[in-house]
Every structure is written in C-alpha cells, then in structure tokens.
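**Q** Starting off with a structure, shown below.
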Amino acid sequence: MLNEKNPGLLIKADSSFNELSRKVITFADDYSDIFYAIDDNTLWILSDESKRVFQTDLNGNKLKEFL
C-alpha cells in the first residue's frame, strides 16, 4: 500500500491488512498508484505530480525511473 504524501509511505501488510512494515519513500512528489510485477518481483509506482513511473524492489528502493 502507499500513502500519497506527507509523508510518502510504502506499507507492507498481510492478507488481513495487519501492518508488517512501513518505509518513508522520497523519490517523487507524490505516489498515485502501485502495481506488483510477479515476473520480476518488483513494484511499479506511479507519480502524478512528478509525471514519472518508478520501478522499485519490494523494499521501495528505486531501481529505474521512466519519464
């Protein structure tokens, strides 16, 4: 899950929505959507305000950035 901003957060939860961990993320102005790619075990995060798409590992560490 994502918190859009103030602060931007990547939140991991179990199937019952119990929070497992959270990480402040700062690579964009906001966080609008998230997608899990099963083929390479990464997250794709969309930022509307930054007008970018980011590929991250499961811990929210930025791997690639696309305009």
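Just so you know, we're using the numbering used here here: the sequence shown kicks off at 2 and counts up by one. Glycine included, each C-beta is placed from N, C-alpha and C at the ideal position. Note that the structure is predicted; figures quoted are calculated from it, not measured.
Mind checking which residues open and close the beta strand (DSSP E) that includes LEU44?
**A** Numbered from 1 along the sequence shown, position 43 holds the residue referred to as residue 44. Per DSSP, LEU44 belongs to the beta strand (DSSP E) from 43-48.
**Q** What separation, rounded to the nearest whole angstrom, lies between the Cα atoms of GLU20 and LEU68?
**A** In the sequence shown, residue 20 corresponds to position 19, counting from 1. In the sequence shown, residue 68 corresponds to position 67, counting from 1. When rounded, the distance between both Cα atoms is 31 Å.
**Q** In angstroms with no decimal places, state the Cα-to-Cα distance between SER48 and PHE55.
**A** Against the sequence shown, residue 48 aligns to sequence position 47. Against the sequence shown, residue 55 aligns to sequence position 54. When rounded, the distance between both Cα atoms is 8 Å.
**Q** Distance check for MET2 and TYR37, CA to CA, integer angstroms please.
**A** Counted from its first residue, the sequence shown places residue 37 at position 36. Counted from its first residue, the sequence shown places residue 2 at position 1. Their Cα atoms are separated by approximately 11 Å.
**Q** Look at LEU64 and ASN42 and say whether their C-beta atoms are less than 8 Å apart.
**A** Counting from 1 along the sequence shown, the entry for residue 64 is found at position 63. Counting from 1 along the sequence shown, the entry for residue 42 is found at position 41. Not a contact, by the Cβ cut-off of 8 Å.
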